[in-house]
Amino acid sequence: MTDKKSKKYYKLNLADLPDDLFDKSVPVSKWLDLATCVEDKFPPNSLNKVPPIDRQVEIERTVGIALYMLGNVLPFALPMLMFAALLSDIGYLCLKCFLVYFGTLFCINKYYFLPIFVKKYKRKKYLSDTDYADNQYL
7 MTDKKSKKYY KLNLADLPDD LFDKSVPVSK WLDLATCVED KFPPNSLNKV
57 PPIDRQVEIE RTVGIALYML GNVLPFALPM LMFAALLSDI GYLCLKCFLV
107 YFGTLFCINK YYFLPIFVKK YKRKKYLSDT DYADNQYL
């Protein structure tokens, strides 16, 4: 059993991670070199600070997460909404609102944000057809 005094704790602030290190070819050790290490415990109130985020990235994540959540619901909601649209005008209105909202988020993400971030991170193309793990870096 290890001695309590020999415990070390690490904190890696990913917001401060340089863009050139955010790639699958970079070894984890380079990321850990940027981590803060302390003995025993971190100072009080040192872990409750949220670093600022670029406004464009924040908006893209807001749109992207909403689109992701709707994509998870779509296979279940669409058949029910289509059936409801056959039964009533309110069901038809709900189906139209759902599809307009989904389509709007998709278009904003695909045609506005994706080209910006492809250019920003110097990608050759949007998504890889074969390397799915690489797609997470965009």
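Heads up: the sequence shown is residues 7 to 144, going by this note's numbering. Heads up, the beta-carbon is just placed ideally off N, CA and C, and yes, glycines get one too.
{"Check": "List the endpoints of the continuous alpha helix (DSSP H) containing V56.", "Outcome": "It is not in any alpha helix (DSSP H) - V56 carries neither H nor E in the DSSP assignment."}
{"Check": "Could you tell me which residues DSSP puts in a beta bridge with K14?", "Outcome": "E45"}
{"Check": "Where are the alpha helix (DSSP H) runs, 4 residues long or more, that stay fully inside the region 63 to 128, in chain order?", "Outcome": "95 to 114 and 120 to 126"}
{"Check": "Who are the near neighbours of I114 in its chain, counting only those whose CB is closer than 8 Å to its CB and skipping five residues on each side?", "Outcome": "V69"}
{"Check": "What is the C-beta distance between L23 and L40, in whole angstroms, given that I count them as a contact (C-beta under 8 Å)?", "Outcome": "7 Å"}
{"Check": "By how many angstroms is the C-alpha of A83 removed from the C-alpha of F112?", "Outcome": "17 Å"}
{"Check": "Does V32 come out as helix, strand or coil in the three-state DSSP assignment?", "Outcome": "coil"}
{"Check": "Which residue from L93, L80, T42 and L120 puts its Cα closest to that of F108?", "Outcome": "L80"}
{"Check": "Please name the residue, chosen from L93, Y118 and V106, that lies closest to L76 on a Cα-to-Cα basis.", "Outcome": "V106"}
{"Check": "Going by DSSP in three states, L40 sits in which element: helix, strand or coil?", "Outcome": "coil"}
{"Check": "By how many angstroms is the C-alpha of F104 removed from the C-alpha of V124?", "Outcome": "28 Å"}
{"Check": "Using a 10 Å radius around the Cβ and a threshold of 16 neighbouring Cβ atoms, would you call L101 buried or exposed?", "Outcome": "buried"}
{"Check": "With DSSP as the reference, label M7 as helix, strand or coil.", "Outcome": "Per-residue confidence for M7 stands at a pLDDT of 47, beneath the threshold of 50, marking its modelled position as unreliable; the derived number appears in the next sentence. In the structure shown, M7 sits in coil (DSSP, three-state: anything other than H, G, I, E or B)."}
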